[in-house]
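What follows is a set of notes on a single structure, which appears directly below.
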């Protein structure tokens with residue numbers, strides 16, 4: 001009886017069932033079709049951008065070849081080997097013309113980008129810039145110097161994409177303040193350099209421009225997010241460039257590529273016209289800073305930028321010119337130091353060059369004082385990562401929409417898209433098995449409400465106060481710290497975001513920090529790496545070994561830091577470190 005009634009019901013509703021099934025199929029097909037069409041449009045726009053880049057490369061190559069034919073006597077090798085200081089002197093006294101410097105660098109940059117894929121576009125207005133520079137009645141400190149800039153630094157007529165397709169058609173209506181000041185000082189902006197998609201990764205790769213590799217070993221990464229700058233300068237294709245830093249994005253590429261880089265005090269240099277990576281995040285501030293071959297170049301650059309023109313164009317920047325007296329003093333320094341931050345144990349190569357640097361500083365008459373950064377694990381997970389994912393990753397998730405997600409950022413994209421409750425459950429399950437993964441999942445939940453967000457900001461301020469108190473208790477001038485390196489193997493930075501704890505610290509506390517190359521990986525370092533266990537001997541420590549192995553001959557750096565607005569003191573320690581290592585090399 002029941003079966004008969006069921007059959008009658010199904011027969012009566014058979015038409016409706018088929019209609020619903022058909023409608024469901026149509027919806028599914030339509031959604032798939034829309035997704036397919038959207039993907040095709042994205043790929044078409046990416047291909048258009050690649051053609052634009054190729055055309056700019058071809059144009060600059062023609063101009064470089066044309067200059068070489070018309071000026072066969074120009075000694076390009078000699079020009080490329082000059083320091084920034086020597087180059088600026090010869091440009092200012094007329095021994096060299098701006099053209100004789102620009103085109104050898106363009107030619108070299110083309111070679112470097114063929115090897116590393118570091119340039120997103122060559123500026124097609126270089127010749128116009130040359131003419132404008134020659135008209136200047138007063139030659140600036142960077143007169144005639146070719147300068148490269150990170151891709152998201154605003155330049156009129158060009159997009160600032162952050163590796164995201166949706167920004168390709170948003171052309172900048174005017175130059176960023178940093179570009180305006182550089183031009184005022186006589187610099188010629190000749191190239192933009194590659195970045196990771198969204199900038200939140202220290203491996204430079206995105207679906208538009210591709211992967212950037214290390215200039216010293218093309219099987220290794222260039223770090224990020226200023227990886228294009230690191231590769232271009234490290235390969236000799238630029239003498240001065242600009243990156244940005246919110247977790248180590250200037251210092252990491254500088255370390256991996258063997259150059260000097262400075263993350264200034266937040267807001268010491270104007271960020272007006274630079275597209276942010278996470279809109280609205282104020283607990284940890286983005287900084288823009290110079291990258292170059294040596295510390296002297298960074299100093300000259302800061303002197304050029306900290307001028308009335310910048311203070312006038314962006315009144316939010318404190319009108320503090322470069323303090324030559326602080327930088328030039330020869331008094332011994334009280335230098336705090338720590339061999340490890342207690343979270344990421346330096347690998348043997350990192351530890352060796354750090355201890356060598358400490359010894360050289362002591363022998364030079366400086367006072368080296370043990371210093372321990374307070375509560376590194378708390379700083380990293382409860383403060384830095386929770387600030388980065390303050391909205392649970394929603395802002396980053398929105399940026400990934402209507403994009404092809406770079407394969408190296410799929411885990412990050414998944415983390416941003418996971419509901420908070422899922423992150424909470426996974427963190428609970430993983431806590432006894434993989435506690436550091438559990439901490440990352442917990443941090444990625446973000447704030448639960450406005451009150452929670454305010455509490456988070458208060459906690460950051462309290463930590464900054466605690467850090468400064470520890471610093472002042474020891475009466476320190478500066479701090480010497482380890483620096484992540486050598487360059488990672490591809491694919492590992494996205495898995496080891498927490499390994500950048502050494503750099504993230506100084507973003508959170510808002511201190512100026514810079515890196516100086518001090519050596520390279522030896523065969524002994526590689527042998528000792530086999531016994532590395534880290535602080536936890538867990539999955540992350542094992543991944544770290546895989547990330548840095550095979551680094552024989554790659555550059556290694558140390559990190560220097562100072563109190564806020566003591567950028568000149570930070571540079572002074574960097575110069576001291578650089579000089580001591582150079583003298584040691586000469587004696588060897």
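Residue numbers (full-length UniProt numbering): 1 to 588. Even for Gly, the Cβ is constructed at its ideal location relative to N, Cα and C. On a predicted model such as this, the values are computed, not experimentally measured, just so you know.
State the Cα-Cα distance for the pair residue 399 and residue 198, rounded to the nearest angstrom. 7 Å
Residue 525 lies in the alpha helix (DSSP H); which residues open and close that run? 523 to 529
With DSSP collapsed to three states, give me the class of residue 6. In this predicted model, residue 6 has a pLDDT of only 46, less than 50, meaning its place in the structure is not dependable; the value taken from the coordinates is given anyway. Of the three classes helix, strand and coil, the one that applies to residue 6 here is helix, per DSSP.
Under the three-state reduction of DSSP, which class applies to residue 552: helix, strand or coil? coil
DSSP state of residue 337 mapped onto helix, strand, coil: strand
For residue 130 and residue 102, believed in contact at Cβ under 8 Å, the rounded distance: 7 Å
Once you ignore the five residues that flank residue 499 on each side, which residues in its own chain have a CB closer than 7 Å to its CB? 344, 484 and 544
Could you check the C-alpha separation between residue 453 and residue 309 for me, to the nearest Å? 37 Å
Please report the distance separating the alpha-carbon of residue 496 from that of residue 540. 7 Å
Measuring straight from C-alpha to C-alpha, what distance separates residue 323 and residue 221? 36 Å
Whole angstroms is fine: what's the gap from residue 250's alpha carbon to residue 434's? 30 Å
Residue 301 and residue 240 closer than 8 Å at C-beta: yes
Contact under 8 Å by Cβ, residue 380 with residue 501: yes
What first and last residue would you give for the alpha helix (DSSP H) that runs through residue 570? 567 to 587
With DSSP collapsed to three states, give me the class of residue 330. coil
Return the bridge partner residues of residue 244 from the DSSP annotation. 288
Spatial neighbours of residue 90 in its chain, beta-carbon cut-off 7 Å, leaving aside the 5 residues before and after: 96
Taking the DSSP output, what are the residues bridged to residue 213? 221
In chain order, what residues of the same chain lie with their CB nearer than 6 Å to the CB of residue 427, ignoring the 5 residues before and after it? 438, 441 and 442
Is it true that the stretch 314 to 321 meets the stretch 453 to 472, where meeting means three or more beta-carbon pairs spaced less than 8 Å apart? no
What do you get for residue 450, buried or exposed, if any count of 16 or more other CB atoms within 10 angstroms of its CB means buried? exposed
Pick from 252, 282 and 238: whose alpha carbon is nearest that of residue 486? 252
Which value, in whole angstroms, describes the spacing of the CA atoms of residue 161 and residue 167? 5 Å
Please return the same chain residues whose Cβ sits closer than 6 Å to the Cβ of residue 574, not counting the five positions on each side in sequence. 295, 514, 516 and 560
For the putative contact between residue 226 and residue 201, defined by C-beta atoms under 8 Å, what is the C-beta separation to the nearest angstrom? Residue 226 to residue 201, Cβ: 12 Å. No contact.
Skipping 5 residues on each side, what residues in its chain have a beta carbon closer than 6 Å to that of residue 2? Bear in mind that a pLDDT of 49 at residue 2, under 50, signals an unreliable position, so the number given afterwards is only what the model happens to contain. The answer is none, since no qualifying residue turns up.
Could you spell out where the beta strand (DSSP E) holding residue 148 opens and where it closes? 146 to 150
Which residues bound the alpha helix (DSSP H) around residue 299? 295 to 305
Curious, which full-length alpha helix (DSSP H) runs of at least 4 residues does the stretch 351 to 409 contain? 394 to 400
Closest to residue 188 by CA distance: which of 230, 100, 120 and 260 is it? 100
Is residue 431 near residue 445, with beta carbons less than 8 Å apart? no
Between the beta-carbon of residue 334 and the beta-carbon of residue 475, is there less than 8 Å? yes
Nearest-angstrom Cα distance between residue 165 and residue 47? 11 Å
Quick check on residue 265: does DSSP put it in helix, strand or coil? coil
What separation, rounded to the nearest whole angstrom, lies between the Cα atoms of residue 269 and residue 527? 43 Å
Suppose you measure from the CA of residue 416 to the CA of residue 455; what does that come to, to the nearest Å? 22 Å
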